[in-house]
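Residue numbers (our numbering), protein chains in the order written: chain A, 477 to 911; chain B, 16 to 157.
All residues carry an ideal CB built from backbone N, CA and C; glycine is no exception.
Worksheet: one structure, shown below.
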């Protein structure tokens, strides 16, 4: 055909190399003709385009994969671009692409959505979440939030990311199910705390009697002793009774009293913990720097006495209840002092790191450290690493710390090396939250 | 002229043991007023509001030791009714309870209780408290 002058020669064909591999070859040729237009010769080139072929194939495959993923995701994905006014200020956004889940969830057909500006698409006066979205599109800093959508009675978790400047994508997950479970857990926890409260409270009542009437018994025993001091009582009976009244009765009472005291301490602990859980929080922004200086000031006497060094970095603020957070950090600092290594100067390093919507405060000490086998249990109520220590606490401190962190939608964990020291990490909310 | 009235101590306490300990403790502390014991809130309220057979004597004055957690009618309700009644609100009320929950304490003071005492498990402390209470009662009597 080329020689006949019908068209230029441009073709692709496959060749099997001597090693058995298949190669794609593209051949291009031009025909040169004499003055009368008769073909004289043909000049051409052959390329091995195997690699290009493979790349195209791979690209198509990956695009297909992405499209399938995009289309079949249960999360709703929407791509948008900002719309600017004449002065260059963004005032709206336009939907540029979306997946099937968008249509399923919102009921808006993809064809009717693409290219529409937000106010028109969602039938609102102002574009929904415009401040947050435009900030993401302009700064590239991702944003995440949860919201309740009343018409559908559903909770959504929405993360907003910016694939490139002036554009943003929202990825929306239906978290209604998770939310329901969370609420259930919350209710159960509340119920448990209530049980704990009632139980520890009601158990104190009989203890008052055990203690009180044991004291009475002691008094009765004393009265008997007075009666038998009368000389008319035969000596043999008197010595028998003396033995009972001076040794047996006091011994029994001693055990009763020490058990009552122990039980009283346990119940007071349980009450304290349940009360921490029941405390109504006043959540506001907390200047943690100020709080730490307050706490360190509180321990000033001990710290000066020990010649301890406390370094506090510039700490970001967080949200929470000031009293509870004071208690939380005080307990940790108090432990650091109590469980210091007496052979070296106590060093305390307090730093913080922002992690998205959370801030993690770390309190590092160079104390005794905690043995691996104790690490999991230190948060348990009444757990004492060494109960035989005369200054062992009530085993409540860290369980209260944990309870407070949880109440703040936060977390607490510890890293420790025996002989070197421990770091307590306290994760709290950077932004306002509801309990 | 001020008229001297005998003061009766009313003990509203559902736990028999506690009631016994309170009575004995008051005696040890030198308080020898007569006492009447009620084992729930309704009983003491009927007495005060002069309902039923066992009712208060208008020629006597009263002081109420009131427990919080009681069957039928709890201490808070008794306190609320008593302080809301113009004939009864002058009666001194001392809460005597195992709870030291700040919220409960606040609620009781808000309703107008005169004193709030937590029953300590330690009997020595309990006796101390009753002794102070006894002194207080003697002052009230004058």
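Among the options, which residue has its Cα nearest to the Cα of residue i?
i	options	result
residue 791 (chain A)	A:836, A:775, A:850 and A:675	A:836
residue 794 (chain A)	A:596, A:578 and A:903	A:903
residue 80 (chain B)	B:140, B:95 and B:34	B:34
residue 774 (chain A)	A:813, A:508, A:639 and A:892	A:813
residue 85 (chain B)	B:151, B:28 and B:150	B:28
residue 807 (chain A)	A:613, A:829, A:834 and A:771	A:771
residue 591 (chain A)	A:604, A:574 and A:579	A:574
residue 42 (chain B)	B:53, B:76 and B:24	B:24
residue 609 (chain A)	A:559, A:660 and A:901	A:559
residue 870 (chain A)	A:860, A:892 and A:487	A:860
residue 484 (chain A)	A:850, A:517, A:604 and A:654	A:517
residue 827 (chain A)	A:497, A:899 and A:628	A:899
residue 505 (chain A)	A:515, A:497, A:496 and A:498	A:515
residue 116 (chain B)	A:749, A:611, A:539 and A:533	A:749
residue 766 (chain A)	A:802, A:733, A:783 and A:685	A:802
residue 838 (chain A)	A:768, A:616 and A:862	A:768
residue 840 (chain A)	A:639, A:901 and A:561	A:901
Mind pulling the chain A residues with CB within less than 7 Å of residue i?
i	result
residue 134 (chain B)	684
residue 91 (chain B)	The contacting residues do not exist; residue 91 (chain B) stays about 15 Å from chain A at best.
Cβ of residue i within 7 Å of Cβ of residue j?
i	j	result
residue 111 (chain B)	residue 688 (chain A)	no
residue 787 (chain A)	residue 825 (chain A)	yes
residue 895 (chain A)	residue 842 (chain A)	no
residue 108 (chain B)	residue 74 (chain B)	no
residue 717 (chain A)	residue 704 (chain A)	yes
residue 438 (chain A)	residue 872 (chain A)	This structure cannot speak to residue 438 (chain A), because chain A is shown only from 477 to 911.
residue 501 (chain A)	residue 492 (chain A)	no
residue 56 (chain B)	residue 31 (chain B)	no
residue 701 (chain A)	residue 729 (chain A)	no
residue 549 (chain A)	residue 531 (chain A)	no
residue 98 (chain B)	residue 78 (chain B)	no
residue 822 (chain A)	residue 740 (chain A)	no
residue 798 (chain A)	residue 764 (chain A)	no
Out of curiosity, what's the CA-to-CA distance linking residue i and residue j?
i	j	result
residue 16 (chain B)	residue 45 (chain B)	Residue confidence for residue 16 (chain B) is low, a pLDDT of 40 falling below 50, so the modelled location carries little weight; the figure read from the coordinates is stated next. When rounded, the distance between both Cα atoms is 28 Å.
residue 157 (chain B)	residue 148 (chain B)	Residue placement at residue 157 (chain B) is poorly supported in this model, since its pLDDT is 46, which falls under 50; the coordinates still yield a value, given next. Spanning the two alpha carbons is a distance of roughly 15 Å.
residue 571 (chain A)	residue 759 (chain A)	37 Å
residue 789 (chain A)	residue 588 (chain A)	54 Å
residue 890 (chain A)	residue 757 (chain A)	25 Å
residue 618 (chain A)	residue 634 (chain A)	11 Å
residue 106 (chain B)	residue 121 (chain B)	19 Å
residue 738 (chain A)	residue 800 (chain A)	27 Å
residue 624 (chain A)	residue 632 (chain A)	6 Å
residue 144 (chain B)	residue 133 (chain B)	9 Å
residue 745 (chain A)	residue 604 (chain A)	49 Å
residue 96 (chain B)	residue 103 (chain B)	9 Å
residue 884 (chain A)	residue 556 (chain A)	34 Å
residue 661 (chain A)	residue 686 (chain A)	37 Å
residue 569 (chain A)	residue 909 (chain A)	28 Å
residue 678 (chain A)	residue 38 (chain B)	21 Å
residue 65 (chain B)	residue 47 (chain B)	25 Å
residue 784 (chain A)	residue 845 (chain A)	17 Å
Which residues of chain A have a Cβ atom closer than 8 Å to the Cβ of residue i, listed in chain order?
i	result
residue 111 (chain B)	Those do not exist, as residue 111 (chain B) stays about 11 Å from chain A at its closest Cβ, beyond 8 Å.
residue 144 (chain B)	The contacting residues do not exist; residue 144 (chain B) stays about 12 Å from chain A at best.
residue 163 (chain B)	Absent from the model: residue 163 (chain B). The displayed extent of chain B is 16 to 157, so no value can be given.
residue 148 (chain B)	None at all; the shortest Cβ gap to chain A is about 15 Å.
At a CB-CB cut-off below 7 Å, which residues of chain B make contact with residue i?
i	result
residue 677 (chain A)	113 and 114
residue 689 (chain A)	32
Chain B partners of residue i, CB-CB under 8 Å?
i	result
residue 751 (chain A)	116
residue 547 (chain A)	Ordered by position in chain B, no residue passes the 8 Å Cβ test against residue 547 (chain A), which lies about 56 Å from the chain.
Measuring only from the beta carbon, is residue i closer than 6 Å to any heavy atom that is part of the ligand ADP?
i	result
residue 585 (chain A)	No copy of the ligand ADP appears in this structure; indeed no ligand is present at all.
List, in order along the chain, the chain A residues whose C-beta lies closer than 9 Å to that of residue i?
i	result
residue 41 (chain B)	Correct list: empty, because the minimum Cβ distance to chain A is about 13 Å.
residue 63 (chain B)	In chain order: nothing, as chain A lies at least about 24 Å away.
Discussion item. Under 8 Å, with one C-beta from each stretch per pair, do the stretch 705-716 of chain A and the stretch 57-75 of chain B reach the 3-pair mark?
Written reply: no
Fill in: the stretch 569-586 of chain A contacting the stretch 661-675 of chain A, beta-carbon criterion three pairs below 8 Å
no
Discussion item. Does the structure place the stretch 591-604 of chain A close enough to the stretch 646-653 of chain A that three or more beta carbon pairs sit under 8 Å?
Written reply: no
Practice prompt. Examine the Cβ distances between the stretch 737-757 of chain A and the stretch 776-786 of chain A and report whether three or more of them are shorter than 8 Å.
Written response: no
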